[in-house]
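Working notes, beginning with the structure itself.
In our numbering, the protein residues as written are 4 to 350.
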């Protein structure tokens, strides 16, 4: 695998959710009338930094709200959690309370992170309230369709609530566990190769180590690993092809070095083909949903013509495939990527 570094120079704009996309979300039961929205949570008057256990700034802040607003916000957030987790069944939050609300100024979406605790046993969970960005929604939908992972979210107006994706942050895993003697490095390297391939085909950008998590599952004779994206803000917006290739971010260098140390060119190709086969199977099994998402996204303004032209030129050079020159949208590019995958798998 190649190493390198790539920077995203401009902050991506927040794209509004179109009427057609809202219809799609309604059909697939992704829309809801939320009791508390993103704008409600912006009504804090002060905040203070959230530090980790080592006293390091986490880039999250703890906002303070007027006392008369706290009960309304907390009750609304509990109901929103019930809608996200149990189709609105309030019995699941009978014994839960909102422990804290955190706000992040870092990144595009400026999310709120909500910690909800069961007072009977102190078991807690997180969920997020964010601005509804069309790019992110398309990313979540493509993750649902093409990856082995399920995603859970709801949209209401300019608000999006999203389930917490559990796992060890990729940067923390690289620092403390990547070379753990109990872990098979080949399994970890394999997962990174497959993750890299999926991001490139589906055009999920900016997968630096802090934008994905590592999930570890003990098996009867070894550990299984899965990389999961947790940030979908940079879904098919950028024109630079390397933005969609996690191997080129300096934050992911430990994973690239592991792959270079333990994998050969032949095994890298094998794992790429495995991921392509998985994507082909998902494209066929979810063909109706994929077609509906394609029809909606083709009409949506979710990038710039400059970025589209730059990306199709980069893919033309990468694959030596002149068909990319006919693509007029990011949706066209993904569609061609998937068609090429199906052709390669069936060849």
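The beta-carbon is built from N, C-alpha and C at its ideal position, and this holds for glycine as well.
Burial state of residue i, where buried means 16 or more other Cβ atoms lie within 10 Å
i           : result
residue 1   : Residue 1 cannot be examined here, being either before or after the span of the chain that is shown, 4 to 350.
residue 5   : exposed
residue 268 : exposed
residue 112 : buried
residue 55  : exposed
residue 340 : buried
residue 248 : buried
residue 240 : buried
residue 250 : buried
residue 327 : buried
residue 136 : buried
residue 351 : Residue 351 falls outside the range modelled here, since the chain spans only 4 to 350, and no answer is possible.
residue 86  : buried
residue 146 : buried
residue 329 : exposed
residue 272 : exposed
Under the three-state DSSP convention, the category residue i falls into
i           : result
residue 138 : helix
residue 8   : coil
residue 22  : helix
residue 330 : coil
residue 39  : coil
residue 69  : coil
residue 342 : helix
residue 52  : strand
residue 187 : coil
residue 347 : helix
residue 81  : helix
residue 31  : coil
residue 13  : coil
residue 126 : coil
residue 47  : coil
residue 203 : helix
residue 290 : helix
Of the residues the options, the one placed nearest residue i, counting alpha carbons only
i           : options            : result
residue 33  : 157, 106, 60       : 157
residue 320 : 245, 286, 334, 273 : 245
residue 235 : 140, 26, 250, 197  : 140
residue 243 : 308, 179, 227      : 308
residue 345 : 288, 298, 299      : 288
residue 214 : 255, 331, 185      : 255
residue 258 : 224, 212, 239, 225 : 212
residue 184 : 160, 225, 206      : 225
residue 305 : 237, 30, 75, 91    : 237
residue 261 : 342, 330, 210, 190 : 190
residue 37  : 180, 313, 132      : 132
residue 165 : 182, 210, 35       : 35
residue 218 : 169, 264, 13       : 169
residue 39  : 210, 83, 264       : 83
residue 138 : 314, 105, 163      : 163
Contact test: residue i Cβ vs the ligand COA heavy atom, cutoff 7 Å
i           : result
residue 338 : This structure does not include the ligand COA; it has no bound ligands of any sort.
Could you pull out every unbroken beta strand (DSSP E) segment of at least 3 residues lying fully inside the region 224 to 278, listed in chain order? 226 to 232
With three or more C-beta pairs closer than 8 Å as the rule, is the region 276 to 290 touching the region 196 to 203? Touching, yes, given that three or more Cβ pairs across the two stretches are closer than 8 Å.
With a floor of 4 residues, list each alpha helix (DSSP H) that falls wholly inside the region 292 to 338, ordered by position along the chain. 308 to 322
At what residue ranges does the region 148 to 184 contain a whole run of the beta strand (DSSP E), taking only runs of 3 or more? 156 to 159, 162 to 166
Note down, one range per segment and in chain order, each beta strand (DSSP E) of at least 3 residues found wholly within the region 84 to 115. 99 to 107
Per the contact definition of three or more C-beta pairs closer than 8 Å, is the region 290 to 303 in contact with the region 13 to 26? yes
Answer yes if the region 138 to 153 comes into contact with the region 115 to 124, meaning at least three C-beta pairs across the two stretches below 8 Å, and no otherwise. no
Within 8 Å, do at least three Cβ pairs link the region 65 to 80 to the region 39 to 56? yes
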